[in-house]
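Residue numbers (this note's numbering): 9 to 392.
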């Protein structure tokens with residue numbers, strides 16, 4: 009089983025928790041943000057030294073509140089690649105609508121080649137209107153009153169952008185004519201003729217993987233048909249199993265054969281390890297509550313189970329106890345966390361790719377590094 013670490017990359021917040029301040033009331037300056045960026049790099053180097061398989065950052069913009077301060081995971085991972093030896097480097101996720109697809113292909117290829125084939129292309133549709141609508145897209149977030157129309161545009165734009173990125177990475181030259189994008193732009197003069205095809209350089213020198221976040225039924229229906237790997241996070245354990253198995257069914261229908269139980273799927277689990285269960289609960293509670301204070305209004309809890317056994321209504325702000333009941337958070341001793349991961353592996357019939365999320369919003373990076381060291385020393389060796 010390959011195991012990685014995923015960080016939001018937030019600023020340390022001594023006042024994290026369910027109460028005030030409101031998530032939008034904090035403001036951090038460039039010095040604090042850059043100090044955080046340097047700690048993220050240090051943590052990636054630690055993960056490499058500990059033998060973890062992958063390290064994942066995330067892409068977000070304009071977050072003066074300090075929650076996610078890495079706007080360009082590809083650029084940051086290029087720095088990390090120069091300071092590490094073996095660890096693979098991914099983005100959870102590059103938001104396709106916020107990139108020019110040809111620039112994303114160029115930048116990813118550069119990272120992949122300079123790292124010796126260690127880059128992973130993670131893609132998603134986005135969740136934050138503040139970011140998307142200022143960077144050329146729209147997003148159907150729960151707090152967006154134009155949600156349905158924004159979601160329709162986002163899906164169309166995303167599908168075309170993904171096609172273009174893959175064409176650019178996989179072919180010496182290509183053209184594309186869609187409803188959103190057209191490359192090359194018609195009629196460009198070029199030395200006596202017009203441009204008919206484009207060639208992206210550099211292209212990958214090594215095989216590469218593409219992984220996409222799967223949070224909704226429509227996305228679940230499309231991702232396995234594209235051949236892209238699926239990433240599952242923040243879902244009640246029974247919903248995770250349903251999505252996990254449906255992915256395999258669609259993949260088999262599309263490509264034939266029988267997908268191995270853990271293949272082409274990644275499970276992300278939030279973790280906190282303590283000397284005792286009570287210690288772990290105290291350690292994680294404020295960060296858990298800050299997580300949902302920040303993300304609940306965007307509808308992220310729709311993967312939880314409501315009292316009627318159906319998905320929870322958008323806007324739910326779960327308690328830590330509800331997150332533990334949903335098994336999206338694994339909290340307790342190293343032995344307990346190990347047993348819970350192994351339980352997932354049994355229920356899913358196999359687990360080839362696990363990514364742990366051990367850093368809650370506001371956590372001190374010294375504490376984050378300690379959590380990763382405990383995972384590497386006390387949990388992961390028991391799962392091989």
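Just so it is clear, CB atoms sit at the ideal spot from N, CA and C, and this is done for glycine as well.
Beta strand (DSSP E) segment containing residue i, residue limits
i           : result
residue 99  : 96–99
residue 338 : 337–340
residue 65  : 62–65
CA-to-CA distance, residue j to residue i, given in whole angstroms
i           : j           : result
residue 147 : residue 227 : 14 Å
residue 211 : residue 293 : 45 Å
residue 96  : residue 84  : 13 Å
residue 143 : residue 389 : 43 Å
residue 100 : residue 119 : 15 Å
residue 306 : residue 381 : 32 Å
residue 124 : residue 249 : 35 Å
residue 74  : residue 45  : 11 Å
residue 67  : residue 129 : 12 Å
residue 70  : residue 77  : 8 Å
residue 363 : residue 218 : 15 Å
residue 352 : residue 36  : 38 Å
residue 11  : residue 53  : 15 Å
residue 296 : residue 184 : 44 Å
residue 138 : residue 72  : 12 Å
residue 261 : residue 60  : 34 Å
residue 290 : residue 384 : 22 Å
residue 265 : residue 253 : 15 Å
residue 298 : residue 195 : 52 Å
residue 319 : residue 200 : 60 Å
residue 94  : residue 378 : 21 Å
residue 284 : residue 347 : 15 Å
residue 190 : residue 171 : 12 Å
residue 213 : residue 160 : 35 Å
residue 156 : residue 39  : 39 Å
residue 58  : residue 158 : 42 Å
Supposed contact pair residue j and residue i - C-beta distance, whole angstroms, cut 8 Å
i           : j           : result
residue 339 : residue 387 : Not confirmed; about 13 Å, so no contact.
residue 216 : residue 342 : 34 Å between Cβ atoms; not a contact.
residue 134 : residue 105 : 6 Å
residue 312 : residue 244 : 6 Å
residue 162 : residue 145 : 6 Å
residue 112 : residue 65  : Between residue 65 and residue 112 the Cβ distance is about 15 Å, and since that is not below 8 Å, they are no contact.
residue 328 : residue 309 : In fact, because the Cβ distance is near 13 Å, the residues do not count as touching under 8 Å.
residue 258 : residue 229 : 7 Å
9 Å Cβ cutoff met for residue i and residue j
i           : j           : result
residue 188 : residue 165 : yes
residue 13  : residue 247 : no
residue 280 : residue 337 : yes
residue 205 : residue 197 : no
residue 326 : residue 334 : yes
residue 208 : residue 177 : yes
residue 7   : residue 24  : Since the first residue of the chain shown is 9 and the last is 392, residue 7 is not available in this structure.
residue 50  : residue 92  : no
residue 269 : residue 357 : yes
residue 274 : residue 239 : yes
residue 373 : residue 20  : yes
residue 460 : residue 173 : Given that the chain is displayed from residue 9 to residue 392, the structure contains no residue 460 and the question cannot be resolved.
residue 9   : residue 361 : yes
residue 169 : residue 109 : yes
residue 304 : residue 18  : no
residue 30  : residue 301 : yes
residue 88  : residue 115 : no
residue 391 : residue 332 : no
residue 263 : residue 222 : no
residue 62  : residue 103 : no
Enclosing alpha helix (DSSP H) for residue i [first to last residue]
i           : result
residue 41  : 38–57
residue 218 : Where residue 218 is concerned, there is no enclosing alpha helix (DSSP H), although the beta strand (DSSP E) it sits in stretches over 218–221.
residue 11  : Residue 11 -> not in any alpha helix (DSSP H); beta strand (DSSP E) instead, spanning 10–14.
residue 86  : 81–91
residue 225 : 225–234
residue 179 : Premise fails: residue 179 is in no alpha helix (DSSP H) and is neither H nor E.
residue 333 : 328–334
### Uninterrupted beta strand (DSSP E) stretches inside the stretch 106–156 (no shorter than 3 residues)
If we require 3 residues or more, the beta strand (DSSP E) runs fully inside the stretch 106–156 come out as 127–132.
### Task
Only counting runs of 3 or more residues, tell me where the beta strand (DSSP E) segments fall wholly within the stretch 344–377, in order along the chain.
Counting only runs of 3+ residues, the beta strand (DSSP E) found wholly inside the stretch 344–377 occupies 361–365, in chain order.
### Message
Threshold first: 3 residues or longer. Then list the beta strand (DSSP E) segments lying entirely within the stretch 239–284, N to C.
### Response
Taking only runs of at least 3 residues, the beta strand (DSSP E) segments lying wholly in the stretch 239–284 are 273–281.
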